[in-house]
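Here's the structure, in structure tokens; my notes come after.
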Amino acid sequence: MPILEGEKVTKYFGGLAALVNVDFYVEQREIVGLIGPNGAGKTTLFNLISGALMPNSGVIRFRGREITGLRPHQICRQGIARTFQSVKIFPNMSVLDNVRVGSFFGAAGERSFQKAMERAKEALEFVGLAKLASAQAGELTLANQKRLEVARALATEPEVLLLDELMAGLNPTEVGETMRLVTTLRERGITIFMIEHVMKAIMSICDRILVLHHGEKVAEGTPQEIASNEKVIEIYLGE
Amino acid sequence: MFKRSHLPALISLILLVLLGTLPIYGSTYAVILLTAIIMYIVLTVSWAMFSGPTGYISLAPAAFFGVGIYTMAILGGQLPVLAVVIIGGFISFLLALLVGITTLRLRGVYFAIFTFGLVVLIKELLLFWEITVTGTRGRFVVLESNTTIYYVMFGIFVVLMLVAYFIRRSRYGLALQSIGENEEAAAHAGINVTMVKVITFATSAIFMGATGAIMATRWTYVDPYVAFNPIFSFLPVLMALFGGMRRLYGPVIGAAIFAYAEELLLTRFPYYYMLTFGLILVLVILYLPNGLVGLAPKIWKWSSGAQGADTRR
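Just so you know, the protein sequences line up as chains A and B, in that order.
The first sequence begins at -3 in our numbering and counts up one residue at a time.
The second sequence begins at 60 in our numbering and counts up one residue at a time.
Here it is in structure tokens:
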């Protein structure tokens, strides 16, 4: 049984179809990539999974249990955490406090101050921000703010992590570091579902790739299959 | 061993003892003045408890304050004062729950306008009720002694400060702050944002309602215009801005100085009172965005010399 799956997931914004009958599944400990041109519906799909939006129809299941229509905090507490395309940190709070929010309220739901603190520090250590724990989050570089989002998500103790364009706007060195971070997340036992535009990254770390176009799933397969898929080439290079 | 970190606790304790025993050694004037000051502190701190961290600007204090006043006007004399004060707080709590559940999805200016509309709505409903049903306007309130009013007011203040302190120190303080910083991210980090907002909003209303109930016993006669005076919505906001909301004692200091200044200006310079007030406010908002408590680090910086003043890289 896949850890996360969707069946005929559909979302309209007014008359505009953002997603139409999209089926998807993610197996435990897989890294699955979600690609497609701008406006294909990738972030919408993440918003539906994480509870930010409600689908018009279709079912989303986590560990076999339906989670469609649950609110964001409930989904997070079930064990699905996410990062955002445009970083959403708590800019005037310290880096450590940003992450403590995750450890206090996430799936771990840590009530003890000391344990929440330990968990937060451990998450910061993991993403390489331990030294900046007391800095103000808004003053970090973009790359570090993105790491901070990962740390906050990690502190909630997720089983599935949704990464929305984690590498966008980063320089090649930072992209390399982030790729390594993603693979170590998987080694930790976390299942990754990621939206990415950086093709080099997606092709080298994903087990499987899903391609969306105009709200529909047009292809699905291993990186090699996707790279040689005619439809995908057509979408990316134009008709 | 006495440590420097114990200083705030020690100062608070001394202040509490001094304030708690005021009617024993203080003049009647001092008791009445301090009652007014503590009233403003309670309204301001309870306002800042919710609106400070979350950034939802509530203009509802006058509504909860007025509900407390009317609770006392109706029940005063029939039940013990303290019971009426608690009931006033409880009714305000219920009202705030209802308002919170229906409106806390509104953001920014919409929430502010709605909460202000609540003040006007309740006032008009009461007027309508009094004109068409009871056929009277206004009510007499059973009086209490200055000392009783003072002790009850002081009691509300102590409970409020404890609650505000523990909220700030707990994980809910962190939750409130993160909601103010980025509500969507807070929700996705596992915070039940609606619940945290509604409960905090309603808790803050308890203190406003209780304050209204006890203060009503000083006024002999109340009508909807007196009880739901919008100034009680605006003053807490101004006082909190004046004192600064980053620290718990900011709104306390802001309200205390503001309330004392009001008394002073009103009695000594009745003609320049509002003008001076306006000037101070403009200056504070322009030059002290973090309020009076924001001054402390600045003074510290000056006194410790200019070198290394910029700690940010």
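Note that the Cβ used here is the ideal one computed from N, Cα and C, for glycine as well.
Find the residues of chain A that neighbour residue i, judging by a C-beta separation of less than 7 angstroms, and give them in chain order.
i, result
"R233(B)", "Residue 233(B) is actually Leu in this sequence, not Arg. D93, R96, V97, F100, listed in chain order."
"R230(B)", "F100"
"H247(B)", "S46, P68, C72, R78"
Going along chain B, which residues have a C-beta under 9 angstroms from residue i?
i, result
"I85(A)", "E240, N241, A244"
"M89(A)", "L233, Q236, S237, E240"
If you drop the 5 nearest sequence neighbours on each side, which residues of the same chain put their C-beta closer than 8 angstroms to that of residue i?
i, result
"F328(B)", "T335"
"L325(B)", "Y332"
"V126(B)", "G147, I150, S151, L154, I181, G268, G271"
"V192(B)", "none"
Is it buried or exposed, residue i, if we count other Cβ atoms within 10 angstroms and call 16 or more buried?
i, result
"Q366(B)", "Residue placement at Q366(B) cannot be trusted, given a pLDDT of 45 that sits under 50; what the coordinates show is reported in the next sentence. Exposed."
"W106(B)", "buried"
"R228(B)", "exposed"
"T39(A)", "buried"
"A248(B)", "buried"
"K357(B)", "exposed"
"F160(A)", "Sequence check: residue 160(A) is Asp here, not Phe. Answer is buried; the Cβ neighbour count reaches 16."
"S46(A)", "buried"
"M175(A)", "buried"
"E62(A)", "exposed"
"I(-1)(A)", "buried"
"D369(B)", "Reliability of the predicted coordinates at D369(B) is poor, the pLDDT of 42 falling under 50, and no value is obtained from them."
"K256(B)", "buried"
"K213(A)", "buried"
"T218(A)", "exposed"
"E321(B)", "buried"
"Y129(B)", "buried"
"N94(A)", "buried"
"L138(B)", "exposed"
Can you name, in chain order, every residue of its own chain whose Cβ lies under 7 angstroms from the Cβ of residue i, other than the five neighbours on each side?
i, result
"V101(B)", "I215, F216, L219, F266, T270"
"G197(B)", "Y280, V281, D282"
"P51(A)", "V5, T6, K7, L44, T64"
"H210(A)", "A36"
"G79(B)", "F213"
"F199(B)", "T279, Y280"
"M163(A)", "V171, T174, E192, V194, A197"
Chain A partners of residue i, CB-CB under 8 angstroms?
i, result
"I250(B)", "H69, V97, F101"
Give me, in chain order, the residues of the same chain whose beta-carbon lies closer than 6 angstroms to that of residue i; leave out the 5 immediate sequence neighbours on both sides.
i, result
"A13(A)", "G211"
"G167(B)", "none"
"A104(A)", "E153"
"M304(B)", "A107, G111"
"L185(B)", "P283"
Going along the chain, which residues of the region 42 to 64 of chain A sit with their C-beta nearer than 9 angstroms to a C-beta in chain B?
S46, G47, A48
Counting only Cβ-Cβ distances shorter than 9 angstroms, please list the residues of the region 142 to 158 of chain A near chain B, keeping chain order.
E145, R148, A149, A151, T152
Minimum length 4: unbroken alpha helix (DSSP H) runs contained in the region 200 to 272 of chain B
205 to 228, 230 to 240, 242 to 247
Entirely within the region 146 to 192 of chain B and at least 4 residues each: give me those alpha helix (DSSP H) ranges in chain order.
167 to 188
Which residue spans inside the region 298 to 370 of chain B form an unbroken alpha helix (DSSP H) run of at least 4?
308 to 327, 332 to 346, 354 to 362
Run through the region 65 to 96 of chain B for me and flag every whole beta strand (DSSP E) of 3 or more residues, listed as ranges in chain order.
none
Any beta strand (DSSP E) of 3 or more consecutive residues that is wholly inside the region 53 to 113 of chain A:
53 to 58, 76 to 78
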